[in-house]
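Okay, structure first, notes after.
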Amino acid sequence: MTSTIEPELDLALQEKARRVLPGGSFGNFPGDIVIREGRGGRVWDENGKEYVDFLLGSGPMLVGHAHPDVTAVAQERVAQGTTFFANNRHGIELAAAIVEAVPCAEQVRFVSTGSEADLYAMRAARAFRRRDKILKFEGGYHGMSDYSLMSLAPKRPGNFPQPIPDSAGIPKSVRDEILVAPFNDLDVVAGLVREHKDELAAIIVEPLQRIVPPAPGFLEGLRRITAENGILLIFDEVVTGFRLAYGGAQEYYGVVPDLCTLGKVIGGGFPLAAIAGRADIMAHFDRGTVGDDGFLMQVGTLSGNPVAAAAGLATLEILKRPGAYQRLFATGRELMGMLADLLKRNGIDAQVTGEPPLFDAVFSNEPVRDYRGTLRGDADMLRRFNALLREHGVLKGEQKYYVSLAHTSEDVRHTCDAWASALLQLVGRQ
Ligand SMILES: Cc1ncc(COP(=O)(O)O)c(C=O)c1O
209 MTSTIEPELD LALQEKARRV LPGGSFGNFP GDIVIREGRG GRVWDENGKE YVDFLLGSGP
269 MLVGHAHPDV TAVAQERVAQ GTTFFANNRH GIELAAAIVE AVPCAEQVRF VSTGSEADLY
329 AMRAARAFRR RDKILKFEGG YHGMSDYSLM SLAPKRPGNF PQPIPDSAGI PKSVRDEILV
389 APFNDLDVVA GLVREHKDEL AAIIVEPLQR IVPPAPGFLE GLRRITAENG ILLIFDEVVT
449 GFRLAYGGAQ EYYGVVPDLC TLGKVIGGGF PLAAIAGRAD IMAHFDRGTV GDDGFLMQVG
509 TLSGNPVAAA AGLATLEILK RPGAYQRLFA TGRELMGMLA DLLKRNGIDA QVTGEPPLFD
569 AVFSNEPVRD YRGTLRGDAD MLRRFNALLR EHGVLKGEQK YYVSLAHTSE DVRHTCDAWA
629 SALLQLVGRQ
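One point on numbering: in the numbering used here, the residue at position 293 of the sequence shown is 501, and numbering is uninterrupted.
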């Protein structure tokens with residue numbers, strides 16, 4: 209790997225960032241790295257250091273950075289004007305592509321971020337069911353709204369179903385509207401539904417919760433319990449949409465929700481997300497269909513932005529090509545297998561968990577079934593491992609490797625070498 213190191217350049221930018229940004233960062237990722245550019249499965253920082261990139265912009269860049277087909281379409285669109293507020297051809301075509309691909313999607317409403325999509329999906333469920341409460345799972349991430357930031361990452365987990373707010377500034381009253389259950393525990397869900405079914409509008413779930421897969425029968429059980437009790441089932445597919453399969457987690461796991469949210473991949477690296485689902489629920493976005501009483505107010509300046517929609521459509525075209533998902537899964541499987549093998553050979557207790565397009569290691573000797581299982585992992589060891597990997601030219605999120613269609617066998621080889629060297633350092637043998 210080539211690298212022209214100019215540390216002063218990076219330090220000056222970091223210093224400026226500390227002055228003008230709270231905490232010196234955008235809030236997403238530590239500010240001690242400033243990314244200059246990305247191509248395929250690699251990124252370069254402002255010092256010129258090169259990394260195999262498993263951060264992938266936190267997931268959108270499934271087909272790789274600066275894919276020539278996506279870049280060409282976006283550049284062409286930019287030259288024709290970048291936003292209009294009114295309908296545009298690309299947004300309409302993208303909605304049609306989503307309806308064709310995603311099993312639950314009869315209609316689509318665009319927004320700009322996954323956080324918004326989740327907020328409006330929950331609001332749509334409330335409007336449709338005319339009930340207020342939502343059940344979510346401990347450790348499940350549904351964006352940044354007051355309702356979503358409940359028991360995402362409690363330091364000291366509480367008693368189910370009481371939610372623990374994850375942020376300052378959330379009104380106390382919001383807690384009364386959220387019930388929290390452990391992921392992969394149908395008995396607890398069934399009990400809570402029995403007790404609260406007349407107040408519950410919906411259950412919202414990440415079908416693959418962070419990197420914890422659903423236990424066999426869990427999603428099917430949620431579908432059955434919600435259907436039997438007249439409660440809506442919302443899949444948060446912001447991460448899994450078009451990633452686990454072209455039809456998302458609902459195709460991959462074979463369970464169809466009433467509503468889902470999409471983001472990341474569908475914007476092709478630009479800000480775009482969506483709520484999609486049954487037409488009778490989506491009708492609440494249309495005053496003309498449901499009248500003043502049932503109307504769900506939703507407007508956004510950049511919703512369905514033509515550049516984002518065109519880039520998203522170009523991304524879906526690439527994913528539709530024969531063999532795309534086979535290739536993505538083959539790369540992911542190879543990486544997961546190699547990581548598990550290296551951990552074992554170094555005598556480290558760990559679980560490599562997730563699905564081939566997104567996974568990570570949890571440094572624990574017990575299989576991980578839920579959020580509390582991830583807490584049993586050695587977080588400090590993971591942090592040190594991640595930091596060592598960065599030194600060895602591998603960039604990833606705190607708790608996730610995102611695999612790209614653009615990752616090559618050379619990228620896989622480099623990653624394995626980095627894992628091997630970092631693990632030796634981690635166990636103190638180098
Ligand atoms: C499952 C899930 N839902 C919602 C969101 C929020 O999306 P955004 O960051 O676009 O607001 C994320 C973001 O990572 C996510 O992983």
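Even glycine gets a Cβ: it sits at the ideal position worked out from N, Cα and C.
- Listed as beta-bridge partners of P373 by DSSP are M358.
- In the three-state DSSP reduction, F292 falls in the coil class, being neither helix nor strand.
- Scanning its chain for C-beta atoms nearer than 6 Å, with the 5 sequence neighbours on each side dropped, one finds around S356 the residues D326 and H350, in chain order.
- With fewer than 16 other beta carbons inside 10 angstroms of its own, F292 counts as exposed.
- Contact between the region 486-500 and the region 330-338 is present: 3 or more CB-CB pairs across the two stretches fall below 8 Å.
- Around the C-beta of M358, 16 or more other C-beta atoms lie within 10 Å, and the residue is accordingly described as buried.
- The shortest CA-to-CA distance from V397 to any of R553, L441, L504 and G256 is the one to L441.
- Cβ atoms of G267 and T616 stay farther apart than 8 Å, at about 19 Å.
- Each residue's CA atom was taken as its position, placing E599 and D500 some 58 Å apart.
- DSSP, read as helix, strand or coil, puts I241 in coil.
- Around the Cβ of T434, a 10 Å sphere holds 16 or more other Cβ atoms; the residue is buried.
- T469 places its beta carbon less than 7 Å from that of D444.
- Using a 10 angstroms sphere on the CB of A332, the tally of other CB atoms reaches 16 or more, which defines it as buried.
- According to the DSSP assignment, G322 belongs to the alpha helix (DSSP H) that extends over G322 to R337.
- Excluding sequence positions up to five before and after A519, its CB lies within less than 7 Å of the CB of V278, V281, A282, G475, G476, G477 and F478, all in the same chain and listed in chain order.
- Within the region 393-433, the runs of beta strand (DSSP E) at least 3 residues long that lie entirely inside it are, in chain order, 408-413.
- The alpha carbon of D625 has as its nearest neighbour, out of G601, H404, E459 and D588, the alpha carbon of G601.
- For G347, the closest of E324, M330 and P371 by C-alpha to C-alpha distance is P371.
- Contact check between the region 573-584 and the region 391-411: three or more CB pairs, one atom from each, fall below 8 Å, which counts as touching.
- The residues F571, in chain order, have a CB closer than 6 Å to that of M589 in the same chain once the five nearest residues on each side in sequence are set aside.
- Going by C-alpha positions, K608 is about 12 Å away from Q417.
- The straight-line gap separating the alpha-carbon atoms of H622 and P379 is approximately 48 Å.
- A direct Cα-Cα distance of roughly 27 Å separates V464 from D354.
- D588 carries a helical assignment under DSSP once its states are collapsed to helix, strand and coil.
- CA-CA distance, F567 to T539, rounds to 12 Å.
- At a Cβ-Cβ threshold of 7 Å, V635 and R285 do not count as neighbours.
- By the CB criterion at 7 Å, K344 and I412 fall inside the cutoff.
- The Cβ-Cβ distance between T523 and V271 falls below 7 Å.
- The Cβ atoms of A484 and V611 lie no closer than 7 Å to each other.
- In this structure, Y461 places its C-beta atom within 7 Å of the C-beta atom of L427.
- With contacts defined by Cβ atoms closer than 7 Å, F593 and L527 do not form a contacting pair.
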